[in-house]
Amino acid sequence: MKKAKLHNGGNIPKSSTGSRSDPRLSNPGKCVGVSKLPEISCTKPKIPSGNSTTASPSGDNFFLRGVIISIIPERVPKARVDLLRKRIGERGGGIVTFHPQGALDETVTHYVVDDSVDAEEALRVFLMKQPDLEALSETLSNVQCLPCKWISGSLMSRTRLDEGGFFLHRQLLDLITRKMTASRKLDCTPPKSAFALFSLAVLATPFACTPKSEPSSMLSVNAGTGGDGSGIKRKWESIAEHASSGYEDSGGAESSDSDEEDSDVDEEFLARVQPGHMPFAAKFVCSYPSSSGRKNVNGHITDQLEKLQNTYKSTGQDFRAMAYGKAIGTVRNAPRITKIEDIKGLRGIGSGIKSKIIEILETGACEKVAAYCMDNEMNKAIELFCGIHGVSSKTALKWASSNLRTLEELPEKVRLNRVQQIGLKHYHDFLERIPRSEVVEIESTVKEAALRLQDGLELITCGSYRRGKPTCGDVDILVTHPDGKSHRNIFAPLLDSLRSSGFITDDLLVADEGSQKKFLGVCLLPNPGAKHRRLDIIVVPYSEFGCALLYFTGSAHFNRSMRSLAHKANMALSHHSLNKNAVRVGKKKVSDGEPLPGMITEKAIFDYLGLKYLEPADRDH
DNA sequence: CGGCAAATACTG
DNA sequence: CAGTAT
DNA sequence: GCCG
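Sequence positions in the first sequence follow our numbering and run 75 to 695.
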């Protein structure tokens, strides 16, 4: 995997002019107007509350404010119901009596059932009030159906526990969805809720109408309010177990008043959280397979959006570019889009991109693309420069701002650092995709050299190659040794060997992070007409192999999602380890937590995070 | 309106 | 330190 | 730009 630069985000300084003229074709991403290159030689919170709740800041005694609860009395001892009602009221929550018959009360935000009630049973109860599955689905997607321990846990911890941490609601929605699709014949009519969408994508046959959701956050963790012990565990469970409904997280609320009377709650939670599977994690792409291989029937749309994405990326508007990336993924995997209704409900497409798609549908193109990406001298130059390894938005903008427009004039007019010189030297080659067959050759070359140095080394080529893509942007080779130590002294010798054979032609970076050693450089196969290829070699200790493999296999988007998931469970995933109990206040981490032992396979990591294991090819989001 | 991944190393 | 890259 |  690779190519995922997202440095600091957002807005750019806003370059000056946007002089236009010359409507010539420029081809972002592809080599442009360059023919001869100069010779160069180089060596070496706000808690968004779900529903109507007002987020409870630390120490809010009325953390149930805005919540209207209806307890379904079946199986819940009468005495308990009474007690709960009382306590709910004390914490600001509303209570509505549940009547088995009659319509559902629209004011209710949370239904609570006995802990022993499963989705099937809950559904039976709801069906008595609303026999129409579709209508029921609609209604339930706007409320929560939770086990009793949600409310008792909330009361005990004096915080409104994250609803996403409980399976029941999701299972219920999922069950309804299945019943609907079963009865309805599997057409492509998108169901209403996000869960339903997700369910369809996964459960229905291979992607009849895959809705593709994306990572992004749910449970936005409150910034500023510190989390404490119980908060951490709670969050962890929330995530690990479940799937989240996009409701908010109570974000390390407690604090002010003497909390921590919790052992009870936490224990109960922890007991059942253990690594299991999380079959319904609607919002995290890392929780379901990418729909690889299906062909894009909306190319005319994604082409335009990609142009905008590229321009935004090279002009430093990274988050905007990322948003486009999500939308593109959604559109690419959607059935053919021919009318406005077709994009209804697709995730990642808001008013901005939606209007552009409509424009494309109506006129065949997007005016903004022509004006902003194609006819904009400045932006064209910026994109051209960003194609150089070692140059990104800041530098490109700087150069373009001083009226530079071609690669040829760079060496004489600006000062290129070593890496940029290499990047420029191989400008064309680096923009070229690498066929798998060639990746195999490169891999063998490295493997051969490595095994000559040390028996038993394991080399795995990661990145898009491992994900099964037909072509790759570069070659990422991970090296380790099962004995846990023989990987140590091979890094430098391996590079020396590959250099002396003429295979490695340039070093972009040789880093020694301690446990892991990393080489980023350039290689060249001894074949006539061969191109220079970007090659990364990373040597890692066996103990970090799982995390490294996972990381270097990507995709970038998939990794983001998975880290985000870990993050919200108060864990931290890096290419070194999966840490537990990582604490952070707002955005900055206060503690890295402790690395979990045993994460030596990708499977172990998926398991621990409660995710279903995905083959590399299924991580291509 | 804030978040959108995290960690580390080189370059100059 | 800012910028770039993985 | 999108989402919550």
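Think of the CB as a built atom: it goes at the ideal place given N, C-alpha and C, for glycine as much as any other residue.
Practice prompt. Mind listing, in chain order, the continuous beta strand (DSSP E) runs of no fewer than 3 residues lying wholly within the region 438 to 463?
Written response: For the beta strand (DSSP E) assignment, the region 438 to 463 encloses no uninterrupted run of at least 3 residues.
Discussion item. If distances are taken between C-alpha atoms only, which option among Q204, P205 and I225 comes closest to V141?
Written reply: Checking every option, the nearest Cα to that of V141 belongs to I225.
Discussion item. Could you compute how far the alpha carbon of L577 sits from the alpha carbon of L609?
Written reply: Note that residue 577 is Phe in the sequence shown here, rather than Leu. Looking at the two C-alpha atoms, the distance is approximately 10 Å.
Worksheet item: Between the region 527 to 535 and the region 553 to 565, do three or more beta carbon pairs fall short of 8 Å?
Response: Yes, the region 527 to 535 touches the region 553 to 565.
Worksheet item: Near E689, which residues of its chain fall below 8 Å by C-beta distance, leaving aside the five closest residues on each side in sequence?
Response: Result list for E689: P363, in chain order.
Fill in: As assigned by DSSP and simplified to three states, the class of A585
Strand.
Item to complete: From the DSSP output, in three-state form, read off D580 for me.
Response: In this structure, D580 counts as strand in the three-state DSSP scheme.
Worksheet item: Below 8 Å, can you find three or more Cβ-Cβ pairs linking the region 429 to 443 to the region 452 to 462?
Response: Not touching, per the Cβ criterion.
Worksheet item: Just curious, the beta strand (DSSP E) that F593 is in, first and last residue?
Response: Looking at the DSSP string, the run of the beta strand (DSSP E) that includes F593 is K591 to L598.
Practice prompt. With DSSP collapsed to three states, give me the class of Q204.
Written response: If DSSP states are grouped into helix, strand and coil, Q204 belongs with coil.
Worksheet item: If we count the other Cβ atoms within 10 Å of its Cβ and call it buried at 16 or more, is K662 buried or exposed?
Response: Counting the other CB atoms within 10 Å of its CB gives K662 a total below 16, which places it among the exposed residues.
Discussion item. Which of the three DSSP states is assigned to S629 in this structure?
Written reply: Residue state for S629 is assigned as coil, using DSSP reduced to three classes.
Discussion item. Applying the 10 Å Cβ sphere with the 16-neighbour rule, what's the burial state of D586?
Written reply: Burial call: exposed.
Worksheet item: Using the C-alpha atoms, what's the distance from P567 back to K369?
Response: Inter-residue distance for K369 and P567 is about 44 Å (C-alpha atoms, whole angstroms).
Fill in: Alpha-carbon to alpha-carbon, L505 and S60
This structure gives no information on residue 60, because the portion of the chain shown stretches from 75 to 695.
Worksheet item: Alpha carbon to alpha carbon, what distance is there between Y398 and K413?
Response: Whole-angstrom Cα-Cα distance: 20 Å.
Worksheet item: Counting Cβ pairs closer than 8 Å, one from the region 592 to 607 and one from the region 634 to 652, do we hit at least three?
Response: Contact between the region 592 to 607 and the region 634 to 652 is not established, with fewer than three Cβ pairs separated by less than 8 Å.
Fill in: Per-residue burial, V664 [other beta carbons within 10 Å of its own, 16 or more giving buried]
Under this definition V664 is an exposed residue.
Practice prompt. Taking E522 as part of the alpha helix (DSSP H), name the residues at either end of that continuous run.
Written response: It spans R510 to L527 - the alpha helix (DSSP H) in which E522 sits, taken as one unbroken run.
Worksheet item: Quick one, are the C-beta atoms of G537 and G628 less than 8 Å apart?
Response: Their beta carbons are under 8 Å apart, which means G537 touches G628 by this criterion.
Worksheet item: For E457, is the classification buried or exposed, using 16 other Cβ atoms within 10 angstroms of its Cβ as the cut-off for buried?
Response: E457 should be labelled buried.
Discussion item. Among the candidates A691, T675, A640 and D694, whose CA atom is the shortest distance from the CA of L683?
Written reply: Considering only alpha carbons, the answer is A640.
Worksheet item: Residues bridged to Y185 by DSSP?
Response: Answer by DSSP bridge pairing, in chain order: S144 and C219.
Worksheet item: Based on Cα-Cα distance, which residue from C222, S215 and R234 lies nearest to T251?
Response: Comparing Cα-Cα distances from T251 to each of C222, S215 and R234, the minimum goes to S215.
Worksheet item: Counting pairs of Cβ atoms below 8 Å between the region 169 to 179 and the region 140 to 160, do you hit three or more?
Response: As far as the Cβ criterion goes, the region 169 to 179 touches the region 140 to 160, which means the pair count is three or higher.
Worksheet item: Can you round the beta-carbon distance between L249 and L197 to whole angstroms, since I take them to be within the 8 Å contact cut?
Response: Right, the Cβ-Cβ distance comes to about 6 Å (below 8 Å), so this counts as a contact.
Discussion item. Using a 10 Å radius around the Cβ and a threshold of 16 neighbouring Cβ atoms, would you call K152 buried or exposed?
Written reply: Answer is exposed; the Cβ neighbour count stays below 16.
Practice prompt. Please name the residue, chosen from L207, L229, Q204 and E237, that lies closest to V217 on a Cα-to-Cα basis.
Written response: Nearest C-alpha to V217: E237.
Discussion item. Tell me the DSSP secondary structure of R507 in three-state form.
Written reply: DSSP places R507 in coil when its eight states are reduced to three.
Worksheet entry | Endpoints, the beta strand (DSSP E) within which K487 is located | No beta strand (DSSP E) contains K487, which is instead part of the alpha helix (DSSP H) from L484 to K487.
Worksheet item: What number of angstroms, rounded off, separates the C-alpha of S388 from the C-alpha of V199?
Response: Each residue's Cα considered, the two are about 55 Å apart.
Discussion item. In this structure, how does DSSP classify K605 when only helix, strand and coil are distinguished?
Written reply: Note: K605 maps to coil in three-state DSSP.
Item to complete: Please name the residue in L647, S635, I496 and F358 whose C-alpha comes closest to that of R607.
Response: Out of L647, S635, I496 and F358, I496 has the C-alpha closest to the C-alpha of R607.
Worksheet item: Hey, would you say A395 sits closer than 8 Å to Q378, going by beta carbons?
Response: No, they are not a contact pair.
Fill in: Residues that DSSP places opposite L552 in a beta bridge
Answer is I534 and I612, bridged to L552.
Practice prompt. Give me the Cα-Cα distance between T181 and N372, rounded to the nearest whole angstrom.
Written response: When rounded, the distance between both Cα atoms is 41 Å.
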